[in-house]
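Last residue of the sequence shown? That's 69 in numbering that gives the first Met the number 0, and every number before it is there in order. Yeah, the Cβ is synthetic: ideal placement off N, Cα and C, and Gly gets one too. For reference, the structure discussed in these notes is given below.
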Amino acid sequence: MNKKTFWILASTYAATTFIFNTVLHTAFGAFLMTLSYFGLAFAIISFIYLLIQSFLRQFFYNRKKDPADK
Numbered sequence: 000m001n002k003k004t005f006w007i008l009a010s011t012y013a014a015t016t017f018i019f020n021t022v023l024h025t026a027f028g029a030f031l032m033t034l035s036y037f038g039l040a041f042a043i044i045s046f047i048y049l050l051i052q053s054f055l056r057q058f059f060y061n062r063k064k065d066p067a068d069k
């Protein structure tokens, strides 16, 4: 999926969610908002996990390469 397709889908989803949740106050809009919150939570948790994972890999890599341990 290229950037243009992604941004078109993201804009469409945002507009649909806004119209159904804020303007029309429907259950479908509330469901889309819930889906958006789950997506945001998943993205934040994934980012934190990948950040910690990279820090741990770097820590153990540097620990193996440390000449003071020999």
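- The count of Cβ pairs closer than 8 Å, one atom from the region 14-21 and one from the region 31-38, reaches three, so the stretches are in contact.
- Between Phe27 and Leu50, the alpha-carbon positions lie close to 35 Å from each other.
- For Leu23, no alpha helix (DSSP H) run applies, since DSSP gives it neither H nor E.
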